[in-house]
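Just below is one structure, and these are the notes that go with it.
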Amino acid sequence: MDETFTLLPLQIDPSSKALSALSLPDLSSHLTTLNALHRTLLSLPSENHATPPAPLPSNPKRTAQIDKMRDQANSLLRKSSPASAQEAVKLYTYAIEMALGRPGWEPAGMVREQASVLFANRSQAYMAVQMWPEGASDAETSVGLKRVGNGKAWWRRGRCLMEMGRWEEARTWVKEGVEVEGGGEGAGELANLGKEIEAEMGRRGMVVG
Amino acid sequence: MVNWVGLAVPFAYVGILVGSLATFSSLYRKRKAASSASLEPWFPAHLQRNIYLSLLHLEPAPGQEKATPVPDSVLKAALLQRACEDIRRVLAVRSAKQPLSTLLQRGSVGDDLWQRFLRAEKEVEAELRDVVEEANALQSGWGQVIFQSANEMVNNAIIREKVAETQAKAKADRDWWDKERANIQSNFMKELDDADVSKGTTSASGNERPGSDEDAVLVEGGGPASSGSAAGKGGKGGKKRKGKK
């Protein structure tokens with residue numbers, strides 16, 4: 001790279017150390033992320049000297065907290081009353097926010113894994129209170145984060161679509177799920193759901209392609 | 001006695017020849033240098049790098065004698081952002097290299113595109129070295145891990161983007177479903193009035209599924225999530241699934 005650079009008219013706030021560039025509005029979004037990153041760096045323990053640690057091993061505190069919330073929500077969901085399911089949705093939502101709110105330099109694979117489980121569980125909670133659209137999109141998010149070995153999430157979206165009467169969509173979704181899962185965990189149930197959908201479609205006189 | 005006039009002719013010939021060759025060569029080189037200098041850069045301006053370097057050379061704000069000293073933590077954040085952009089560029093270069101060289105061999109793309117690409121590759125390499133040096137200067141040993149951190153940051157950003165995208169669909173779906181359900185409900189109520197089924201008065205609970213009224217009545221009786229043959233399966237599946245993870 002050339003030894004030159006473009007000098008940008010940056011200003012730094014003497015007290016808050018926040019950066020700004022009043023004359024260049026295009027820069028503001030970059031500077032906002034930079035300021036946010038700076039704040040996260042400052043929140044690191046002081047022995048780090050505001051330098052992000054290596055991705056591994058990661059900070060176990062947050063993981064423990066998320067796991068605790070998830071277990072609480074799971075036990076609420078097991079009570080199978082609508083009120084406790086609502087409560088579980090709330091807890092899962094907090095846990096999801098925490099999982100996604102991790103500092104960016106922590107391992108992305110871990111975030112992916114945790115968030116996919118949380119979204120799948122929240123989908124289940126939504127299903128318990130019959131909020132099918134939310135359940136469907138949560139399950140889709142979960143599958144988007146973890147495609148293979150996530151049979152439950154595949155099943156849940158299929159179920160939600162079915163409940164909303166989107167038969168064709170449900171059928172293609174479940175079919176794709178069966179292909180992805182192969183013989184893995186939950187594949188049998190997925191296949192059953194597929195059959196059920198097709199039977200239902202046949203009963204309604206829809207063309208099963 | 002030397003015939004000066006006779007000799008002048010071959011000398012002039014040689015002189016003109018060499019002179020014209022030299023002119024041609026210098027013109028050609030100049031033009032080539034100009035064209036390679038005017039090659040469009042592969043990547044747009046490296047904004048994060050500019051921010052970082054501008055911070056190092058921060059000028060005093062208007063009305064101030066001295067510039068506010070930039071704390072190290074701000075510099076570190078800026079450097080981390082710069083490293084993230086570098087990771088994106090490295091990925092872009094890597095994924096473009098193979099297809100581009102194939103295209104070049106087939107003659108589908110011009111040579112100057114390849115030149116631009118090679119230059120970009122070199123620039124990225126130099127940039128990486130530069131960032132490692134800067135990182136080590138800010139904090140000894142950071143140079144070894146800064147790109148690991150940056151890589152995770154890029155991946156994390158991708159994950160969050162994807163999640164936000166799918167989650168945004170829920171809102172649209174919800175609107176659609178509310179409309180759809182109101183539709184079904186009004187149809188259902190009409191049918192109920194026709195059939196005069198007294199049980200149907202609790203239909204506001206929102207259990208209906210689109211389809212025939214026969215289904216809808218079953219739903220009323222069957223409780224959440226299911227109807228007909230789906231009831232047993234749904235209930236069982238639901239229970240088994242709960243709280244496994």
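Keeping their order, the protein sequence lines are chains C and Z. The numbering of the first sequence is the UniProt record's numbering, which starts it at 1 and goes up by one. The numbering of the second sequence is the UniProt record's numbering, which starts it at 1 and goes up by one. Beta carbons are placed, not taken as given, at the ideal position from N, Cα and C, and that holds for glycine.
Legend entry - Member of R70(C), L7(C), A187(C), G186(C) whose CA lies at the smallest distance from the CA of H46(Z): The sequence position of residue 46(Z) within the second sequence is 46, counting from 1. Looking at the Cα atoms, L7(C) is the closest of the given residues.
Inset, instruction - Check whether the region 102-117 of chain C touches the region 144-160 of chain Z, counting contact only when three or more Cβ pairs, one atom from each stretch, lie closer than 8 Å. - result: The region 102-117 of chain C is in contact with the region 144-160 of chain Z.
Inset, instruction - Taking the CB atoms as reference points, tell me whether W155(C) and L193(C) lie closer together than 8 Å. - result: On the first sequence, position 155 is the one that residue 155(C) refers to. On the first sequence, position 193 is the one that residue 193(C) refers to. Against a cut-off of 8 Å, the Cβ pair of L193(C) and W155(C) comes out as a contact.
Legend entry - Contact the region 116-131 of chain C vs the region 69-77 of chain C: 3+ CB pairs below 8 Å: Taking 8 Å as the limit for Cβ pairs, the verdict is that the region 69-77 of chain C does touch the region 116-131 of chain C.
Legend entry - Environment of S15(C) [buried if 16+ CB atoms lie within 10 Å]: In the first sequence, the residue the question calls residue 15(C) occupies position 15. Label assigned to S15(C): exposed.
Inset, instruction - Measure from the alpha carbon of V93(Z) to the alpha carbon of each residue in Y52(Z), E121(Z), E152(Z), S149(Z), then state which is nearest. - result: Counting from 1 along the second sequence, the entry for residue 93(Z) is found at position 93. Measuring from the Cα of V93(Z), the nearest candidate turns out to be E121(Z).
Legend entry - Distance between G177(C) and Q148(Z) (C-alpha atoms, nearest Å): For the purposes of this step, residue 148(Z) is taken as residue 148 along the second sequence, with counting starting at 1. For the purposes of this step, residue 177(C) is taken as residue 177 along the first sequence, with counting starting at 1. Looking at the backbone, the Cα of Q148(Z) and that of G177(C) are separated by about 33 Å.
Inset, instruction - Note down, in chain order, each residue of its chain lying with its Cβ closer than 7 Å to the Cβ of W173(C), except the 5 sequence neighbours on either side. - result: Counting from 1 along the first sequence, the entry for residue 173(C) is found at position 173. Excluding residues within five positions, the ones whose Cβ falls inside 7 Å are R157, G158, L161.
Legend entry - Contacts of V111(C) in chain Z (Cβ-Cβ under 8 Å): Residue mapping note: residue 111(C) aligns to position 111 of the first sequence, counting from 1. Within chain Z, the residues near V111(C) are N156, I159.
Legend entry - Assumed close pair V131(Z), A83(Z) - CB separation to whole angstroms, cut-off 8 Å: On the second sequence, residue 131(Z) is found 131 positions in, with the first residue counted as 1. On the second sequence, residue 83(Z) is found 83 positions in, with the first residue counted as 1. Contact between V131(Z) and A83(Z) holds: CB atoms are separated by about 5 Å, below the 8 Å threshold.
Inset, instruction - Measuring only between beta-carbons, confirm whether M164(C) sits less than 8 Å from chain Z. - result: If you number the first sequence from 1, residue 164(C) lands on position 164. At least one chain Z Cβ lies under 8 Å of M164(C).
Legend entry - Range covered by the alpha helix (DSSP H) that runs through N121(C): Walking along the first sequence from the start, residue 121(C) turns up at place 121. According to the DSSP assignment, N121(C) belongs to the alpha helix (DSSP H) that extends over 108-128.
Legend entry - Within chain Z, the residues that E185(C) reaches when beta carbons sit closer than 8 Å: To locate residue 185(C), count along the first sequence from 1; it is residue 185. Result: empty, since nearest Cβ-Cβ is about 10 Å, beyond 8 Å.
Inset, instruction - Please list the partners that V17(C) has in chain Z, where partner means a Cβ-to-Cβ separation under 7 Å. - result: Counted from its first residue, the first sequence places residue 17(C) at position 17. A small fix is needed here, since residue 17(C) is Lys in this sequence, not Val. In chain order: P71, V74.
Legend entry - Neighbourhood of A187(C) by C-beta distance below 7 Å, restricted to the same chain and skipping five residues each side: Within the first sequence, residue 187(C) is the residue found at index 187, counting from 1. Excluding positions up to five away in sequence, the list reads G151, V178, E181.
Legend entry - Validate contact between the region 66-76 of chain Z and the region 94-113 of chain Z using beta carbons, cut 8 Å, 3 pairs: Taking a cut-off of 8 Å for Cβ pairs, the region 66-76 of chain Z and the region 94-113 of chain Z do not touch, as fewer than three such pairs fall below it.
Inset, instruction - Please confirm whether Q130(C) and M98(C) have their CB atoms less than 8 Å apart. - result: Reading the first sequence from its first residue, position 130 is the one you call residue 130(C). Reading the first sequence from its first residue, position 98 is the one you call residue 98(C). Contact flag unset, no.
Inset, instruction - Check the Cβ of L58(Z) against every Cβ in chain C and list those closer than 8 Å, keeping chain order. - result: For this step, residue 58(Z) is matched to residue 58 along the second sequence. Chain C residues near L58(Z): L10, I12.
Legend entry - Minimum Cβ-Cβ distance from A95(C) to chain Z less than 8 Å: Residue mapping note: residue 95(C) aligns to position 95 of the first sequence, counting from 1. With a threshold of 8 Å between beta carbons, A95(C) makes no contact with chain Z.
Inset, instruction - Counting only the same chain and skipping the five closest in sequence on each side, list residues whose C-beta sits under 6 Å from that of T40(C). - result: Taking the first residue of the first sequence as position 1, residue 40(C) is located at position 40. The beta carbon of T40(C) sits closer than 6 Å to the beta carbons of P103 from its chain, once the five residues preceding and following it are set aside; these are given in chain order.
Inset, instruction - Might you give, ordered along the chain, the residues of its own chain that have their beta carbon closer than 6 Å to the beta carbon of F119(C), omitting 5 neighbours on each side? - result: For this step, residue 119(C) is matched to residue 119 along the first sequence. Shown here for F119(C): same chain residues with a beta carbon closer than 6 Å to its own, the five before and five after excluded, namely D138, T141, S142 in chain order.
Legend entry - Alpha-carbon spacing of S95(Z) relative to E123(Z), whole angstroms: Residue 95(Z) sits at position 95 when you count from the first residue of the second sequence. Residue 123(Z) sits at position 123 when you count from the first residue of the second sequence. Whole-angstrom Cα-Cα distance: 16 Å.
Legend entry - Cβ-Cβ distance between A95(C) and M69(C) below 8 Å: By one-based count along the first sequence, residue 95(C) stands at place 95. By one-based count along the first sequence, residue 69(C) stands at place 69. Going by C-beta atoms, A95(C) is nearer than 8 Å to M69(C).
Legend entry - For L19(C), the three-state DSSP class (helix, strand or coil): The residue given as residue 19(C) occupies position 19 in the first sequence. It is a strand residue.
Inset, instruction - For E152(Z), return the contacting residues in chain C, with the cut-off set at a CB-CB distance below 7 Å. - result: Start at 1 with the first residue of the second sequence, and residue 152(Z) comes out as number 152. Among the residues of chain C, those whose CB is under 7 Å from the CB of E152(Z) are P55, G104, W105, E106, P107, A108, following chain order.
Legend entry - Best match in M201(C), H38(C), E185(C) for proximity to E163(C) [C-alpha to C-alpha]: In the first sequence, counting from the first residue as 1, residue 163(C) sits at position 163. Ranking M201(C), H38(C), E185(C) by Cα distance to E163(C) puts M201(C) first.
Legend entry - Assigned secondary structure, Q139(Z) (DSSP; H/G/I helix, E/B strand, else coil): One-based indexing of the second sequence puts residue 139(Z) at position 139. Here Q139(Z) sits in coil by DSSP.
Legend entry - Cα-Cα separation, K90(C) to S84(C): In the first sequence, the residue the question calls residue 90(C) occupies position 90. In the first sequence, the residue the question calls residue 84(C) occupies position 84. C-alpha separation (whole angstroms): 10 Å.
Legend entry - Residue closest to K76(Z), alpha-carbon to alpha-carbon, out of L24(C), P52(C), D13(C), E106(C): Here residue 76(Z) is taken as the residue at index 76 of the second sequence, counted from 1. Closest option to K76(Z), Cα to Cα, is P52(C).
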